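Structure first, then comments.
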Amino acid sequence: MPALSRVAGTYVSANAITGAILGSVMFLSVAAVLITLILAHG
């Protein structure tokens, strides 16, 4: 079923993109908190 595999591929790539975006956002927020703490205590 080519249509099914295409839908599955689109779903997987969308999940990968969403995961990458969420990962970078979480990383940036953690880095921002750490920088704020360092500056506040520095």
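One gets the numbering used here by counting positions in the sequence shown from 1 and adding 610 to each. Beta carbons: idealized from backbone N, C-alpha and C, even for Gly. All values derive from a computational prediction rather than experimental measurement.
Serine 634 has its alpha-carbon roughly 21 angstroms from the corresponding atom of threonine 620. Between serine 623 and leucine 644, the alpha-carbon positions lie close to 31 angstroms from each other.
Secondary structure at methionine 636: helix, using DSSP grouped into helix, strand and coil.
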